[in-house]
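Visitor: Sharing a structure with you now.
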Amino acid sequence: MTLRKKLGSRALRADAIEAITCGWLSFVAVVSLTAQALFGFWWIDSVGSLAIVWLLVKEGSEAWTGECCAACA
């Protein structure tokens with residue numbers, strides 16, 4: 006049983022979701038910056054930004070509807 010379920014804490018659940026989201030955002034930023042540095046793709050920042058927007062919209066809609074990701078379920 007997870008700590009969140011033992012405590013019944015919505016704040017702990019939200020913190021877990023925020024940590025997962027921050028991890029994905031960092032991953033996208035590092036990949037896009039690395040691709041730009043290695044290959045000179047000037048347009049990769051735009052693609053990385055679109056990926057970040059998609060992640061944020063996905064997480065925001067899940068938070069709005071009360072859905073939970075697999076890691077914190």
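Each residue of the sequence shown is one higher than the last, beginning at 6 in my numbering. Just so you know, even glycine gets a beta-carbon here, dropped at the ideal spot from N, CA and C.
1) Looking at L55: is its Cβ nearer than 9 Å to the Cβ of L30?
2) Pull up the distance between the alpha-carbon of E67 and that of E23, whole angstroms please.
3) In terms of residue numbering, what span does the alpha helix (DSSP H) encompassing S54 cover?
4) Using three-state DSSP, classify G28 as helix, strand or coil.
5) So what does DSSP say about S14, is it helix, strand or coil?
6) For L17, is the beta carbon positioned less than 8 Å from some heavy atom of the ligand SAH?
Guide: In brief:
1) no
2) 12 Å
3) From DSSP, the alpha helix (DSSP H) with S54 extends over I49 to T70.
4) Note: G28 maps to helix in three-state DSSP.
5) coil
6) Although the ligand SAH was asked about, the structure shown includes no ligands whatsoever.
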